[in-house]
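Participant: Chains as they are written, first to last, in the numbering used here: chain A, 1 to 246; chain B, 1001 to 1583. One structure, as structure tokens, below. Some questions next.
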């Protein structure tokens, strides 16, 4: 049964999204049942039988007002409930010192960490291909860019989606609540390789993350950074995949 | 009656002798012939659009296996779809279905057929422009088809053709295919503009005596509003595709950031057209349902004015909701908030319509003819499509379900469950008037039931896999770990889709059999009130004899106490006012 539903949620704002989803699900579900039961009842009750004449009526103003106002009220309430969540997810940016750059390209996610100096655009930046490592319960700010076409950063378990638009820098955030390895597909058609363009986001406990960062981001940063930047992530990738799968 | 009809026939015969074959059947200026031409064009394209959908479905259920029947076309791969071919297939499925199936059938064919006949006009205001409109649209269809034969294949950037994917040939590997897509839609836009000007002018100026605006049948109202939307929305797409073509061929940079362009500009232009477009596809079907429901309920439509005003409301609102396609596009989130409000509001007129349809069924005397079954299917499927839209209207929920199969399910409930069932209802309902012969009811039922059942079995599970996270437009769901557990749904959907396709064979048989061997249709087979049923079946050139009908009342006076029968045609003079019936 659980197979039929939303994937497990592991982000802070995912709960709000799921709550709204379920609310709308119940409202529309009840409406659906009411409308269909009424319709089926009418179909049975008012089928053509000899000797009966249909009611001659052109409508009823009270009813018109009722079925304009009631749906309008429900929709206003839904709007009022949706807007604050939207504002928290997309319009505000929680304070954080954890920032990564993601530059999408056909057909990879290029994840750039600032390296030991904490600044982007310096020689010790670290680039990973199709994988991102973040600590759990930590707000992660993503600076999303694209170098060719539009891609879309989608992490189903985080309930997060944002298009990456070439020529723009879009700031997004998420906070994962459970360690694990989460699939990270591209959700916007981006060419013949669109299907299969995906990465993995590894959510670590703080200790594990510290260990990973020490090994991969800060340690031997100075000697290896500049020349080995391109081949390194490619070589590291299969090892990481294998390790995570165990 | 016999005298006027004899003169009418004499006039018609006279006209036909003068016109000859080419002017009667090919370059005809008669709105009814143009309506038939649009219908044939739409149905023919529907075969292609449907087959493309089945190709897409095959790949999703059994990825990278040879598609039956394609080994002859895809020789290099032995019938296996490559990702680029797959992208082309779903791009062209949507492009064809939207621009060359639903628009020609609903707006083109039934717009042409119904407007003059139902308002009591002899033809469109500009018959020559009308003919031109069909032939320009048909040329656009031929141009679109030619794209399948160019090197690099047809357009493969989705029917939405988001730039810069669509603006730079290297990004898709498609060169002339995308150019042809632009040229074809540009041409189609020109043709549609000619049609919409004609519809608006005709409705405003050529109504029969007594046909006040609020005595017009609701289908005419819906086509009137559709024509206004077409007139104002299509030119935006037309200029958009021209700009896209210039980016691709002349080196301009409207949408390319490398030259200072803005990719989101394309989305704004596209959806500024695209959202009214959705209503262009559904409004005529709403009108058709509002027309057919009273006839087979034998009851006036519930809330005529509410129905007309809700359509006007939808039309106005449809301009200011388009941003809900772009919630996560990078558009300002503050703007997204504003679009949520308008999107929630636009659900209200749709709810009003649904409740009025239910009100029409209340206390009715329902006759379950084939057009009525298709109309009931329209109403019920539109309810599902409308309700699933509310999920997307809520911006936070949309973050998750945007670009998943949930939206694919939603659009198909609206456009197939809505527009196509509306189109089937219209075809079965007006076939007797259009071609002078009745369709076969048994074949009609054999077509309706599998279509209704397999439609739901095909598209309902798409909500489920969408909630599970399956993205639209992916080539192979099995490439994703989080989607593998629901692959059985993809198989189920594909099997249902093939059954849905097979069910359409009954329609093809019924259509052609009835066309040539169907029972001759009487003048008013459904005992309906509107004016087209006072003209012979099929109506002659110029529709009526020397006198045009005069309108005395609204279109839905069924079971009125004024009349012993359960219907009272619009053109029947009131008892005591005009004496004997004139027809």
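Every residue, glycine too, gets a C-beta built ideally from N, C-alpha and C.
(1) Verify the CB distance criterion: does residue 4 of chain A have a CB-CB separation below 7 Å to chain B?
(2) Given a cut-off of 7 Å, decide if residue 1435 of chain B and residue 1515 of chain B are closer than it, judged by their beta-carbon atoms.
(3) Check whether the Cβ of residue 1217 of chain B lies closer than 7 Å to any Cβ atom in chain A.
(4) Taking 7 Å as the threshold (C-beta atoms), are residue 1083 of chain B and residue 154 of chain A in contact?
(5) Just curious, the alpha helix (DSSP H) that residue 152 of chain A is in, first and last residue?
(6) Could you round the C-beta distance between residue 137 of chain A and residue 197 of chain A to whole angstroms and report it? I think they count as a contact, below 8 Å.
(7) On the three-state DSSP scale, how would you describe residue 1299 of chain B?
(8) Assuming residue 1048 of chain B is part of the beta strand (DSSP E), what are its boundary residues?
(9) Check whether the segment 54-64 of chain A and the segment 1557-1566 of chain B are in contact - that is, three or more C-beta pairs closer than 8 Å.
(10) Going by DSSP in three states, residue 1582 of chain B sits in which element: helix, strand or coil?
(11) Using the Cα positions of residue 1380 of chain B and residue 132 of chain A, report the straight-line distance between them to the nearest angstrom.
(12) Short of 8 Å Cβ to Cβ, which residues in the segment 189-206 of chain A face chain B?
(13) Can a CB atom of chain A be found closer than 7 Å to the CB of residue 1064 of chain B?
(14) Listed from N- to C-terminal order along the chain, which residues in the segment 1387-1420 of chain B have their beta-carbon within a distance smaller than 9 Å of any beta-carbon of chain A?
(15) Indicate whether the contact test is met: 3 or more Cβ pairs, each with one atom in the segment 1108-1124 of chain B and one in the segment 1211-1221 of chain B, closer than 8 Å.
(16) In chain order, what residues of the same chain lie with their CB nearer than 6 Å to the CB of residue 1350 of chain B, ignoring the 5 residues before and after it?
(17) Taking 7 Å as the threshold (beta carbon to beta carbon), is residue 1257 of chain B in contact with chain A?
(18) Sorted by chain position, which residues of the same chain lie with C-beta nearer than 6 Å to residue 1465 of chain B's C-beta, five sequence neighbours on each side aside?
(19) Tell whether a beta-carbon distance below 7 Å holds between residue 1292 of chain B and residue 1429 of chain B.
(20) For residue 120 of chain A, which residues in the same chain have their Cβ closer than 7 Å to its Cβ, ignoring the five residues on either side in sequence?
(21) I believe residue 1237 of chain B touches residue 1273 of chain B by the beta-carbon criterion, under 8 Å. Please report the beta-carbon distance rounded to the nearest angstrom.
(22) Mark residue 222 of chain A as exposed unless 16 or more other C-beta atoms lie within 10 angstroms of its C-beta, in which case mark it buried.
(23) When DSSP builds the beta bridges, which residues end up paired with residue 1178 of chain B?
(24) Between the C-alpha atoms of residue 1355 of chain B and residue 1311 of chain B, what's the straight-line distance to the nearest angstrom?
(25) What three-state label does DSSP hand residue 1160 of chain B in the structure shown?
(26) In whole angstroms, what separates the C-alpha of residue 1175 of chain B from that of residue 1534 of chain B?
(27) What do you get for residue 188 of chain A, buried or exposed, if any count of 16 or more other CB atoms within 10 angstroms of its CB means buried?
(28) Measure the C-alpha to C-alpha separation of residue 1185 of chain B and residue 157 of chain A and round it to an integer number of angstroms.
(29) Beta carbon of residue 1275 of chain B, beta carbon of residue 1321 of chain B: below 7 Å?
(30) Find the nearest neighbour of residue 1410 of chain B within the set B:1424, B:1392, B:1425, judged by alpha-carbon distance.
(31) Residues of the segment 48-70 of chain A with a CB closer than 8 Å to any CB of chain B: list them in chain order, please.
(32) For residue 1225 of chain B, which of helix, strand or coil comes out of DSSP?
(33) Which residue wins for smallest C-alpha separation from residue 1039 of chain B, given the options B:1072, B:1089, B:1103, B:1050?
(34) By DSSP, does residue 1275 of chain B sit in helix, in strand, or in coil?
(35) Checking contacts by CB at 7 Å: is residue 10 of chain A closer than that to chain B?
(36) Going by the DSSP bridge assignment, what does residue 1124 of chain B pair with across the sheet?
Facilitator: According to the data block:
(1) As a working mapping, residue 4 of chain A is identified with position 4 in the first chain. Yes, residue 4 of chain A lies at the interface with chain B (some Cβ there is under 7 Å from its Cβ).
(2) Position 515 of the second chain holds residue 1515 of chain B. Position 435 of the second chain holds residue 1435 of chain B. In this structure, residue 1435 of chain B lies closer than 7 Å to residue 1515 of chain B by Cβ.
(3) Counting from 1 along the second chain, the entry for residue 1217 of chain B is found at position 217. Taking 7 Å as the CB threshold, residue 1217 of chain B stays off the interface with chain A.
(4) Against the first chain, residue 154 of chain A aligns to sequence position 154. Against the second chain, residue 1083 of chain B aligns to sequence position 83. Not closer than 7 Å, so no.
(5) Here residue 152 of chain A corresponds to residue number 152 of the first chain, with the count starting at 1. Counting along the chain, residue 152 of chain A falls outside any alpha helix (DSSP H), though it belongs to the beta strand (DSSP E) covering 151-155.
(6) Counting from one through the first chain, the residue named residue 137 of chain A turns up at place 137. Counting from one through the first chain, the residue named residue 197 of chain A turns up at place 197. Actually they do not touch by this definition, with Cβ atoms about 28 Å apart.
(7) Along the second chain, read from residue 1 onward, the residue named residue 1299 of chain B stands at position 299. It is coil, neither helix nor strand.
(8) Along the second chain, read from residue 1 onward, the residue named residue 1048 of chain B stands at position 48. Note, residue 1048 of chain B: premise wrong, no beta strand (DSSP E); alpha helix (DSSP H) at 1031-1061.
(9) yes
(10) As a first step, residue 1582 of chain B is located in the second chain; it is residue number 582 there, counting from the start. With a pLDDT of only 44 at residue 1582 of chain B, under the threshold of 50, the placement of this residue in the model should not be trusted; the figure read from the coordinates follows. In the structure shown, residue 1582 of chain B sits in coil (DSSP, three-state: anything other than H, G, I, E or B).
(11) Position 380 of the second chain, counting from 1, holds the residue named residue 1380 of chain B. Position 132 of the first chain, counting from 1, holds the residue named residue 132 of chain A. Just so you know, the alpha carbons of residue 1380 of chain B and residue 132 of chain A end up roughly 46 Å apart.
(12) Listed by position, the residues of the segment 189-206 of chain A near chain B (Cβ gap below 8 Å) are 189, 190, 191, 192, 193, 194, 195, 196, 198.
(13) Counting from one through the second chain, the residue named residue 1064 of chain B turns up at place 64. Answer no: the Cβ-Cβ gap between residue 1064 of chain B and chain A never drops below 7 Å.
(14) 1387, 1388, 1390, 1391, 1393, 1394, 1395, 1396, 1397, 1398, 1399, 1400, 1401, 1402, 1403, 1404
(15) yes
(16) Translated into the one-based positions of the second chain, residue 1350 of chain B becomes position 350. 1386, listed in sequence order.
(17) Taking the second chain and counting its residues from 1, one reaches residue 1257 of chain B at position 257. Closer than 7 Å: yes.
(18) Locating residue 1465 of chain B in the second chain gives position 465, counting from the first residue. Result list for residue 1465 of chain B: 1405, 1486, 1489, in chain order.
(19) Taking the second chain and counting its residues from 1, the one referred to as residue 1292 of chain B is at position 292. Taking the second chain and counting its residues from 1, the one referred to as residue 1429 of chain B is at position 429. For residue 1292 of chain B and residue 1429 of chain B, yes; Cβs fall inside 7 Å.
(20) Locating residue 120 of chain A in the first chain gives position 120, where the first residue counts as 1. Cβ neighbours of residue 120 of chain A beyond the five flanking positions: 101, 112, 114.
(21) For the purposes of this step, residue 1237 of chain B is taken as residue 237 along the second chain, with counting starting at 1. For the purposes of this step, residue 1273 of chain B is taken as residue 273 along the second chain, with counting starting at 1. The Cβ separation is near 4 Å, so the contact holds.
(22) On the first chain, residue 222 of chain A is found 222 positions in, with the first residue counted as 1. With a pLDDT of only 43 at residue 222 of chain A, under 50, the local geometry of the prediction cannot be trusted, and no value is derived from it.
(23) Locating residue 1178 of chain B in the second chain gives position 178, counting from the first residue. By DSSP's assignment, residue 1178 of chain B forms no beta bridge with any residue.
(24) Looking up residue 1355 of chain B in the second chain gives position 355. Looking up residue 1311 of chain B in the second chain gives position 311. When rounded, the distance between both Cα atoms is 14 Å.
(25) Looking up residue 1160 of chain B in the second chain gives position 160. The answer is coil: DSSP assigns residue 1160 of chain B none of H, G, I, E or B.
(26) The residue given as residue 1175 of chain B occupies position 175 in the second chain. The residue given as residue 1534 of chain B occupies position 534 in the second chain. Rounded to the nearest angstrom, the two C-alpha atoms are 53 Å apart.
(27) Against the first chain, residue 188 of chain A aligns to sequence position 188. Buried, by the Cβ-count rule.
(28) Numbered from 1 along the second chain, position 185 holds the residue referred to as residue 1185 of chain B. Numbered from 1 along the first chain, position 157 holds the residue referred to as residue 157 of chain A. When only Cα atoms are considered, residue 1185 of chain B and residue 157 of chain A end up about 39 Å apart.
(29) Counted from its first residue, the second chain places residue 1275 of chain B at position 275. Counted from its first residue, the second chain places residue 1321 of chain B at position 321. Yes, the Cβ-Cβ distance between residue 1275 of chain B and residue 1321 of chain B is below 7 Å.
(30) Locating residue 1410 of chain B in the second chain gives position 410, counting from the first residue. Among B:1424, B:1392, B:1425, the Cα nearest to that of residue 1410 of chain B belongs to B:1392.
(31) Those residues of the segment 48-70 of chain A that come within reach of chain B (Cβ to Cβ, closer than 8 Å) are 48, 49, 52, 53, 54, 55, 56, 57, 58, 59, 60, 63, 64, 67, 68.
(32) As a first step, residue 1225 of chain B must be located in the second chain, where it is residue number 225. Looking at residue 1225 of chain B - three-state DSSP - the assignment turns out to be helix.
(33) The sequence position of residue 1039 of chain B within the second chain is 39, counting from 1. Looking from the CA of residue 1039 of chain B, the closest CA among B:1072, B:1089, B:1103, B:1050 belongs to B:1103.
(34) Here residue 1275 of chain B is taken as the residue at index 275 of the second chain, counted from 1. DSSP places residue 1275 of chain B in helix when its eight states are reduced to three.
(35) Position 10 of the first chain, counted from the first residue, corresponds to residue 10 of chain A. Interface annotation, residue 10 of chain A: not in contact with chain B, CB-CB separation never under 7 Å.
(36) The residue you call residue 1124 of chain B lines up with position 124 of the second chain. The partner list for residue 1124 of chain B (beta bridge, DSSP) is empty, contrary to what the question assumes.
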